[in-house]
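A short worksheet on the structure shown next.
Numbering (our numbering), first residue to last: 8 to 71.
Here's what the structure looks like:
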(Lines of atoms letter the chains of each structure in order from A and count residues from 1; the text may use other names and numbers.)
(Lines give C-alpha, C1' and ligand atoms only; values in the text may rest on other atoms or scores of the structure.)
Protein backbone atom coordinates (compact mmCIF):
# COMPACT_ATOMS: atom_id res chain seq x y z
CA UNK A 1 0.00 0.00 0.00
CA UNK A 2 1.17 3.50 -0.81
CA UNK A 3 1.61 5.99 2.01
CA UNK A 4 -0.32 9.18 1.36
CA UNK A 5 1.83 12.26 1.05
CA UNK A 6 -0.64 14.77 -0.46
CA UNK A 7 -2.94 16.68 1.89
CA UNK A 8 -6.49 17.89 1.29
CA UNK A 9 -5.71 21.45 0.17
CA UNK A 10 -2.94 20.16 -2.08
CA UNK A 11 -5.32 17.54 -3.56
CA UNK A 12 -7.99 20.13 -4.33
CA UNK A 13 -5.47 22.45 -5.98
CA UNK A 14 -4.05 19.60 -8.07
CA UNK A 15 -7.52 18.47 -9.14
CA UNK A 16 -8.60 21.98 -10.16
CA UNK A 17 -5.38 22.65 -12.08
CA UNK A 18 -5.47 19.23 -13.72
CA UNK A 19 -9.08 19.56 -14.81
CA UNK A 20 -8.48 23.10 -16.10
CA UNK A 21 -5.52 21.96 -18.20
CA UNK A 22 -7.43 18.98 -19.60
CA UNK A 23 -10.42 21.21 -20.45
CA UNK A 24 -8.07 23.63 -22.20
CA UNK A 25 -6.57 20.77 -24.21
CA UNK A 26 -10.05 19.54 -25.18
CA UNK A 27 -11.03 23.03 -26.35
CA UNK A 28 -8.15 23.15 -28.81
CA UNK A 29 -5.34 24.29 -26.53
CA UNK A 30 -1.75 23.19 -26.96
CA UNK A 31 -0.86 19.52 -26.81
CA UNK A 32 1.24 20.04 -23.68
CA UNK A 33 -1.96 20.91 -21.77
CA UNK A 34 -2.59 17.15 -21.53
CA UNK A 35 0.03 17.23 -18.78
CA UNK A 36 -3.01 18.04 -16.60
CA UNK A 37 -3.52 14.28 -16.34
CA UNK A 38 -0.53 14.10 -13.97
CA UNK A 39 -1.77 16.47 -11.22
CA UNK A 40 -5.28 15.01 -11.55
CA UNK A 41 -3.94 11.47 -11.08
CA UNK A 42 -1.84 12.45 -8.06
CA UNK A 43 -4.90 14.14 -6.54
CA UNK A 44 -7.00 10.99 -7.01
CA UNK A 45 -4.47 8.63 -5.40
CA UNK A 46 -3.18 11.12 -2.77
CA UNK A 47 0.39 10.23 -3.64
CA UNK A 48 3.02 12.26 -5.48
CA UNK A 49 6.18 10.41 -6.55
CA UNK A 50 8.13 13.69 -6.68
CA UNK A 51 7.19 14.43 -3.06
CA UNK A 52 8.35 10.93 -2.10
CA UNK A 53 11.72 11.47 -3.77
CA UNK A 54 12.17 14.85 -2.08
CA UNK A 55 10.88 13.69 1.30
CA UNK A 56 7.99 16.17 1.28
CA UNK A 57 4.56 15.55 2.75
CA UNK A 58 1.50 17.82 2.93
CA UNK A 59 -0.75 15.18 4.47
CA UNK A 60 -1.04 15.73 8.24
CA UNK A 61 -1.83 12.08 9.03
CA UNK A 62 1.14 9.78 9.49
CA UNK A 63 -0.03 6.31 8.49
CA UNK A 64 -2.69 6.98 5.87
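Even glycine gets a Cβ: it sits at the ideal position worked out from N, Cα and C.
How many Å lie between residue 90 and residue 66 at the Cα? With the chain running from 8 to 71 in the structure shown, residue 90 is simply not present.
If we ignore side chains and look at the alpha-carbon of each, how far apart do residue 58 and residue 39 end up? A direct Cα-to-Cα measurement between residue 58 and residue 39 gives close to 22 Å.
Can you check which of these residues, 26, 50 and 32, is closest to residue 15 by C-alpha distance? Ranking 26, 50 and 32 by Cα distance to residue 15 puts 50 first.
For residue 24 versus residue 56, is the C-beta distance shorter than 7 Å? The criterion of a C-beta distance shorter than 7 Å is not satisfied by residue 24 and residue 56.
Identify, in the order they occur along the chain, each residue of the same chain with its Cβ nearer than 6 Å to the Cβ of residue 32, setting aside the five sequence neighbours on each side. Cβ-Cβ distances below 6 Å link residue 32 to 40 and 41 in the same chain, with the five nearest sequence neighbours on each side left out; the list follows chain order.
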